[in-house]
Structures are given as structure tokens and as C-alpha cells.
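Data first, discussion second: the structure below is written as C-alpha cells.
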Amino acid sequence: MHPPTETDEPGALLVDEELEALFGTVIRTGAGAVPPSAAQVQPASLDLRLGSVAYRMRAGFLPGGASIAERIERLATAEIPLDGGGAVFERGQVHLVPLEEELALPADLRARFNPRSSTGRCDLFTRVLTDGHPRFDEAPAGYRGKLWMEVAPLSFPARLKRGDRLGQLRLSRGVAALSTQELRELYERTPLCFDGDRPLAPDEVRFDDAGGLELRVGLAGRDPSGWRAAERAAVLEFAAEGAHAREDFWEPVRAPNGRSVLAPGSFYIFASRERLRVPPDFAAEMLPVDVGIGELRNNYAGFFDNGFGWREDPDGRPIDHGTPAVLEVRAHDVPFLVEEGQVFCRLKFFRASRRPARLYGAGRSGSSYQEQDLTLARAFR
């Protein structure tokens, strides 16, 4: 049963101008932090910044009866300043970082969090914690307090500093997610998936019973077909655009016969077979892997903002054929065969309260992947 402050009424995600209007009231900062700026605002999400200190932890944890401050007292092994040049977060070590942003949610607003695209493509595992809430990456309606981010580099040691933007939040009222029927109706009005420049008909795509749209991996016709994180690499300068040659951190994956075997524990980047577009008055989220799909962990880069893969003429009619989604995956336990067209992930679509003032890719600092195909993070050239 839901808390009485939350509602199952149809609702929507807040968009850019609505988010910016909440600065200083609902979206706040702690003492000594620079207030949030318009540069952090995306069409239906807000980039979140690391604070001034990180705590190296013996283990991650789920917030429960004890406060996060009490958990830090028990589990922290070091306090690391992040001002100036920042600090190196070692591979496999868990860190907890208070974020600059804090929340004072009213009774009709709830928050959801996800890593930014560049975070996932660098294999930085992150999740947001809130005091007293027993789930990651959520803040319930009415939540008032700090936000904390757990950060664990899994493939490369990474230099991070105060102000780096690793995660995003979305705010929603009511139930913003589309049902399967609503998603089918949207697709019939506006095709969301393309094979090259050909729109896929509704009967050519797969809808699940939970409002999800399945995407398949595209191995054929790309060289390389994907990228695998190198076993040993130098320190990743996360915020430095174009700082690293990709061959110093990545090995090409080739699948001449449309299939490849993933090594257990290794991190891979592939692209979807479908080209995706998200209409201006909707947003999407990549869902966690379904155990029925395979022995894979996917979905680092969760949010797809309004206008991803979408271009339109002066009259507002769509004129383009979408953009592939980049899929970050890790095989578990045993070597795992992937083949061209295999289902890799599912997308959930959400109503926005209205069309954002600017769509994804329209000159925003966080819209780095509108032209992507099989694109690595911005730190690589």
C-alpha cells in the first residue's frame, strides 16, 4: 500500500522550466555549496553535482533504521577532500559522496535518480541514497533532506572532483509511466523505432505487459561491433573531454558472423539495432535487465530525455529516423553468447507535463549523444 502522500492518479514528469522554478525551494543546496544553475537542467531532468568530500567505505549499504551519518561513522575508512584537483577513486572501492543538491519535496512530488550517460559509459557504478528510505535511486513524496551518491569505479580508476556531474534526477507528480496500451497508442501515432530509415510497424516491435518496449543489440554492419574495457588502464580523467586515446582503455569487439562471446566480469559497450526517437512531450528510461533476457547486467545510462533522436521541420513534423541507444552490459558467472537481434533491454516511456523549452540536443551542455552510433564517453577520443 502506498503512503498517503503519494497518488496513483495519472501524472507527468516535470520539464526544464518547471525544474528551474524550484531552485531555492524544492531543489536546494547545503551550506557553502554553489546554488544549482540552468546549465544543469535537461529537458526533463537535472544533473546532480558531487560535493566537497568523499568517504571511502568498507561496503555499500541500503538505508534502513540507522541514518546515513551513522552508517558513515561505522563503515568509513577514510575521508577524502574533492576540492581543487579532486581525488582518484580506485577500482572496486566503494565511496559515499554527499551531493551539492538537497531536496524539500512537497507531498505531491517524488524523485527518481539515474546515472548520466557518460557515467555509465565509463563503468562508474553509482546509486543515490536518501535518509530513511529503504530503496536506492528514489526519494519518496514529501522527502526533505540530503542526497548521497555511492560511487564505485568497476573498470578504471577515476579522478573525480567537486562539481562533477555523475547523476540526474527526475521529479514527477502522480503516475507518469505509460501503460502497455498507452505505449501502443503512442507508437501508432508516432513510430518510435526505425530500421535504418524505415519506421518499424507496431507489429514489428515487441511490447511487454509492463509498458516496456524491447530493444535488440546490433552487431552486424558495424566495425567494431562493440568495445570491451581493457583489463588494465591508467587513471581516467572523468571530466576532461577528449583526454584519453580510446585504445588505451578499450579493446574492439568484432562479430563477423553476427555473434560474440562475452567474458564473465568484463564490461562491454554495444549499440541497439533499432534507431530510437523520443517525442518532445515524452521521456524514456532504460529498465534494469529482466532475468528472462539473459545473464547480463545492463542499464547504466537510464534516462532518455525529450527529443532524443528527434528532429523536426519548422512546422513541428518529425523528419529524422532516430538515434541508436548505447547499451552498457556486463556478463555474469559464465561466458555468454550474444547474437545479432538478441533482446538486450527494455524502455519505459513517461508523459511530460508539457513540451520542454529546449529539446535534447538543442545546445544543452548535457546533450552529448544526439548524433551517436557506437559512441564512447566524452573523455575518449
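Using the numbering used here, you'd call the opening residue of the sequence shown number 190 and step up by one each time.
In this text, a Cβ means the ideal position worked out from N, Cα and C, and glycines have one as well.
Note that the coordinates shown come from a computational prediction; the quantities given were computed from them, not determined experimentally.
Three-state secondary structure (DSSP) of residue i
i	result
Gly-356	strand
Ala-228	helix
Asp-398	coil
Ala-330	coil
Ser-368	coil
Ser-361	strand
Ala-296	coil
Arg-316	strand
Thr-308	helix
Arg-373	helix
Ala-210	helix
For residue j and residue i, believed in contact at Cβ under 8 angstroms, the rounded distance
i	j	result
Leu-288	Leu-343	Not confirmed; about 20 angstroms, so no contact.
Arg-462	Val-406	6 angstroms
Ala-429	Ala-568	6 angstroms
Phe-497	Tyr-549	5 angstroms
Leu-425	Arg-310	Not confirmed; about 11 angstroms, so no contact.
Leu-375	Glu-290	No, Leu-375 and Glu-290 are not in contact; Cβ-Cβ is about 31 angstroms, not under 8 angstroms.
Phe-427	Asp-312	Contact doesn't hold; Cβ gap of about 11 angstroms is too wide.
Pro-346	Val-277	5 angstroms
Val-532	Asn-495	Val-532 to Asn-495, Cβ: 25 angstroms. No contact.
Leu-294	Val-215	6 angstroms
Gly-253	Ala-341	20 angstroms between Cβ atoms; not a contact.
Leu-355	Thr-308	5 angstroms
Arg-245	Thr-218	That belief does not hold up - the Cβ atoms of Arg-245 and Thr-218 are roughly 24 angstroms apart, past 8 angstroms.
Arg-519	Ser-455	7 angstroms
Ala-328	Leu-367	Incorrect: roughly 22 angstroms between the Cβ atoms, too far for contact.
Ser-361	Ala-201	7 angstroms
Phe-302	Gln-357	7 angstroms
Arg-448	Leu-526	6 angstroms
Trp-416	Pro-441	6 angstroms
Glu-262	Gly-363	Contact flag wrong, Cβ pair sits at about 38 angstroms.
Straight-line gap, residue i to residue j (C-alpha atoms, nearest Å)
i	j	result
Leu-285	Ser-241	11 angstroms
Asp-509	Glu-528	28 angstroms
Gly-431	Leu-563	16 angstroms
Phe-492	Arg-359	9 angstroms
Glu-206	Pro-524	47 angstroms
Asn-446	Arg-540	40 angstroms
Ala-514	Leu-381	12 angstroms
Pro-304	Phe-459	18 angstroms
Leu-536	Arg-421	33 angstroms
Ala-222	Trp-499	36 angstroms
Trp-439	Ala-296	46 angstroms
Ala-365	Phe-383	25 angstroms
Glu-403	Phe-538	12 angstroms
Leu-235	Arg-543	16 angstroms
Leu-264	Ala-248	7 angstroms
Ser-256	His-322	10 angstroms
Leu-475	Ser-306	Leu is not the amino acid found at residue 475; the sequence shown has Met there. Rounded to the nearest angstrom, the two C-alpha atoms are 11 angstroms apart.
Leu-333	Pro-503	Checking the displayed sequence, the identity of residue 333 turns out to be Arg instead of Leu. Looking at the two C-alpha atoms, the distance is approximately 43 angstroms.
Thr-194	Arg-299	Model confidence at Thr-194 stands at a pLDDT of 43, short of 50, so the residue's coordinates are unreliable; what they give is reported in the following sentence. One C-alpha to the other measures close to 10 angstroms.
Val-394	Arg-324	32 angstroms
Ala-330	Ala-473	21 angstroms
For residue i, the nearest candidate out of the options (CA to CA)
i	options	result
Asp-437	Pro-445, Ala-419, Glu-377 and Asp-392	Ala-419
Leu-211	Ala-220, Pro-225, Gly-200 and Ala-341	Pro-225
Leu-372	Phe-459, Asp-384, Pro-507 and Asp-397	Asp-397
Gly-275	Ala-201, Leu-239, Leu-526 and Arg-316	Leu-239
Ala-390	Thr-379, Gly-400 and Ala-399	Thr-379
Glu-517	Phe-314, Ala-265, Tyr-244 and Leu-292	Phe-314
Asp-320	Ser-306, Thr-369, Glu-377 and Glu-259	Glu-259
Glu-377	Gly-385, Asp-392 and Gly-363	Asp-392
Glu-279	Gly-505, Gly-273 and Ala-423	Ala-423
Gly-410	Gly-530, Ala-566, Leu-565 and Gly-505	Gly-530
Asp-386	Val-450, Thr-512, Glu-339 and Pro-503	Thr-512
Ala-546	Val-204, Asp-197, Thr-369 and Pro-199	Val-204
Gly-400	Pro-388, Glu-198 and Thr-369	Thr-369
Arg-506	Pro-469, Cys-534 and Gly-334	Pro-469
Glu-209	Asp-197, Asp-502 and Ala-233	Ala-233
Gly-273	Leu-251, Arg-351, Arg-324 and Gly-331	Arg-351
Glu-339	Leu-251, Arg-395 and Val-450	Leu-251
Glu-566	Arg-316, Glu-262, Pro-388 and Tyr-457	Note that residue 566 corresponds to Ala in the displayed sequence, not to Glu. Ranking the options by Cα distance to Ala-566, first place goes to Tyr-457.
Asp-522	Asp-197, Leu-451, Arg-570 and Arg-324	Leu-451
Glu-268	Glu-262, Ala-243 and Asp-326	Ala-243
At 4 residues or longer, what runs of the alpha helix (DSSP H) sit wholly inside the region 375-463? Counting whole runs of 4 or more residues, the region 375-463 contains no alpha helix (DSSP H) stretch at all.
Runs of alpha helix (DSSP H) wholly within the region 223-276 (minimum 4 residues, chain order): The qualifying runs are 257-264.
Please go through the region 508-553 and give each complete alpha helix (DSSP H) segment of 4 or more residues, from N-terminal end onward. Complete alpha helix (DSSP H) runs here, min 4: none at all.
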